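Working notes, structure below.
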DNA sequence: TATGAAAGACCGCTCCC
DNA sequence: GGGAGCGGTCTTTCATA
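Protein chains in written order, with our numbering: chain A, 1 to 152; chain B, 1001 to 1152.
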């Protein structure tokens, strides 16, 4: 199911669908000069290959009141506590992404909060109370100048 | 256009659309026990309020061959070179996200590459040749145990 | 002002070429 | 990969509370 080689048509479909996942297949077909049936076949193929996982709305978090995006590098007391820590982080709704990384930190997370106060509360009352965590480093995102979702 | 307060119905719509943006409005209406017209009105309202930015397919980068996800913290020689550096980073297709942050790094970027070799090439031949950059720190993501797209 | 119902146009899915 | 048919969906309008 993996490593299916996509051709230019597949690529064009992905690009179009990345801009607007709700575009009618018929319109897409016209734009790419193929038939609607073909689009359908290709999309199904990419779904089966696990390339297309699904469709999502992109929500502007800022306009919903979540103004503060922040990255937090976490160091654990013991590396073996990783699974337990992830479980605890998962229970915190402000944690939107988590990565297990090599380098300076054991775990690296991204958080979305409504304000700096909210972030501070999150850090003090939720994250730093996790006993497996030794220390944290906070990187507040002031700007997000690049945010791509298309791959070459 | 901002700070429009969403109610429970809007929230349910967003949640459903986040799981599957292509769900028929009629089905969504049935699930939420309202009429299809209402769904349509609400979605339009949230689009106008800038809450819904659009719809996207979620692509599994791994199945496309992009196996290595990596974060790179960048320090600049001079803080004022930020805009110029962003411009140069933007031209690098492997750079999928960039943040201007407070804390340890000036700029923080996320990259997607096909392999460790590819990552190494990216670092040496592309990123570290940007003259405004003083130093970089690389955090290779080994796992991505949390990846939410729903907000509370 | 926001919701609900219905009608027509449009689209997606499936088959066969 | 292309083309046509049927079943279903989206959108719009109008009436209502």
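All C-beta atoms in this analysis are idealised placements derived from N, C-alpha and C, irrespective of residue type, glycine included.
These numbers come from a predicted model, not from an experiment.
Which one or two residues does DSSP pair with residue 106 of chain A in a beta bridge?
Taking the first chain and counting its residues from 1, the one referred to as residue 106 of chain A is at position 106. Note: residue 106 of chain A sits in no beta bridge, so no partner.
Checking contacts by CB at 7 Å: is residue 1048 of chain B closer than that to chain A?
Taking the second chain and counting its residues from 1, one reaches residue 1048 of chain B at position 48. Output row for residue 1048 of chain B: interface = no.
Less than 7 Å between CB atoms is the rule here; does residue 114 of chain A satisfy it with respect to chain B?
Numbered from its first residue, the first chain carries residue 114 of chain A at position 114. No, no contact with chain B.
Near-chain A residues of the segment 1095–1115 of chain B - C-beta to any C-beta below 8 Å
1095, 1096, 1097, 1098, 1099, 1100, 1101, 1102, 1103, 1104, 1105, 1108, 1109 and 1112
Assuming residue 176 of chain A and residue 21 of chain A are in contact, meaning their beta carbons sit under 8 Å apart, how far apart are those beta carbons, in whole angstroms?
Because chain A spans 1 through 152 in this model, residue 176 of chain A falls outside it and cannot be assessed.
Specify whether the segment 1007–1026 of chain B and the segment 108–117 of chain A touch according to this definition: at least 3 beta carbon pairs, one from each stretch, less than 8 Å apart.
no
Taking Cβ to Cβ, would you say residue 108 of chain A is nearer than 7 Å to residue 73 of chain A?
For the purposes of this step, residue 108 of chain A is identified with residue 108 of the first chain, where counting begins at 1. For the purposes of this step, residue 73 of chain A is identified with residue 73 of the first chain, where counting begins at 1. Cβ atoms of residue 108 of chain A and residue 73 of chain A: closer than 7 Å.
Best match in B/1071, B/1090 and B/1067 for proximity to residue 1117 of chain B [C-alpha to C-alpha]
Here residue 1117 of chain B refers to the residue found at position 117 when the second chain is read from its first residue. Check the Cα spacing between residue 1117 of chain B and each of B/1071, B/1090 and B/1067: the tightest is with B/1067.
Interface residues of chain B around residue 86 of chain A at Cβ under 8 Å?
For this step, residue 86 of chain A is matched to residue 86 along the first chain. Within chain B, the residues near residue 86 of chain A are 1145 and 1146.
Cβ closer than 8 Å: which chain A residues qualify as neighbours of residue 1055 of chain B?
To locate residue 1055 of chain B, count along the second chain from 1; it is residue 55. Under the 8 Å cutoff, chain A gives 20, 21, 22, 55, 56, 57 and 58.
Collapsed DSSP secondary structure at residue 136 of chain A in the structure displayed
Your numbering for residue 136 of chain A matches position 136 in the first chain. Three-state DSSP puts residue 136 of chain A in a strand.
Option in B/1063, B/1097, B/1047 and B/1005 with minimal Cα separation from residue 141 of chain A
One-based indexing of the first chain puts residue 141 of chain A at position 141. For the residues B/1063, B/1097, B/1047 and B/1005, the minimum Cα distance to residue 141 of chain A belongs to B/1097.
Examine chain B for any beta-carbon lying closer than 7 Å to the beta-carbon of residue 131 of chain A, and answer yes or no.
As a working note, residue 131 of chain A is residue 131 in the first chain. Not one chain B Cβ lies under 7 Å of residue 131 of chain A.
With DSSP collapsed to three states, give me the class of residue 1094 of chain B.
Locating residue 1094 of chain B in the second chain gives position 94, counting from the first residue. Here residue 1094 of chain B sits in coil by DSSP.
Quick check on the DSSP output: the beta strand (DSSP E) that includes residue 48 of chain A runs from which residue to which?
Numbered from 1 along the first chain, position 48 holds the residue referred to as residue 48 of chain A. Here residue 48 of chain A belongs to no beta strand (DSSP E); instead the alpha helix (DSSP H) covers 36–48.
Below 7 Å between beta carbons is the criterion; list the residues of the segment 1025–1052 of chain B that meet it against any residue of chain A, in chain order.
1049, 1050, 1051 and 1052
Within the present structure, is the beta-carbon of residue 87 of chain A separated from the nearest heavy atom of the ligand HEM by less than 6 Å?
The ligand HEM is not part of this structure, which contains no ligands at all.
Which same chain residues end up closer than 8 Å to residue 6 of chain A when comparing Cβ atoms and leaving out the 5 residues on each side of it in sequence?
As a working mapping, residue 6 of chain A is identified with position 6 in the first chain. 14, 46 and 51.
With distance defined between alpha-carbon atoms, name the residue in A/130, A/62, A/103 and A/139 nearest to residue 77 of chain A.
Here residue 77 of chain A refers to the residue found at position 77 when the first chain is read from its first residue. Checking every option, the nearest Cα to that of residue 77 of chain A belongs to A/130.
Quick one: what does DSSP say residue 1052 of chain B is sitting in, helix, strand or coil?
As a working mapping, residue 1052 of chain B is identified with position 52 in the second chain. Reduced to three states, the DSSP call for residue 1052 of chain B is strand.
If I measure Cβ to Cβ from residue 128 of chain A and keep anything under 7 Å in the same chain, skipping five residues before and after, which residues do I get?
Counting from one through the first chain, the residue named residue 128 of chain A turns up at place 128. Around residue 128 of chain A: 136.
Please list, in chain order, all residues of the same chain as residue 1101 of chain B whose beta carbon is under 6 Å from its beta carbon, the five residues on each side excluded.
Position 101 of the second chain, counted from the first residue, corresponds to residue 1101 of chain B. Cβ neighbours of residue 1101 of chain B beyond the five flanking positions: 1108.
Checking 7 Å against the spacing of the C-beta atoms, do residue 149 of chain A and residue 18 of chain A come in under that value?
Numbered from its first residue, the first chain carries residue 149 of chain A at position 149. Numbered from its first residue, the first chain carries residue 18 of chain A at position 18. For residue 149 of chain A and residue 18 of chain A, yes; Cβs fall inside 7 Å.
Under the three-state reduction of DSSP, which class applies to residue 123 of chain A: helix, strand or coil?
Within the first chain, residue 123 of chain A is the residue found at index 123, counting from 1. Looking at residue 123 of chain A - three-state DSSP - the assignment turns out to be helix.
For residue 111 of chain A, three-class secondary structure by DSSP
Position 111 of the first chain holds residue 111 of chain A. In the structure shown, residue 111 of chain A sits in a strand (DSSP, three-state: E or B).
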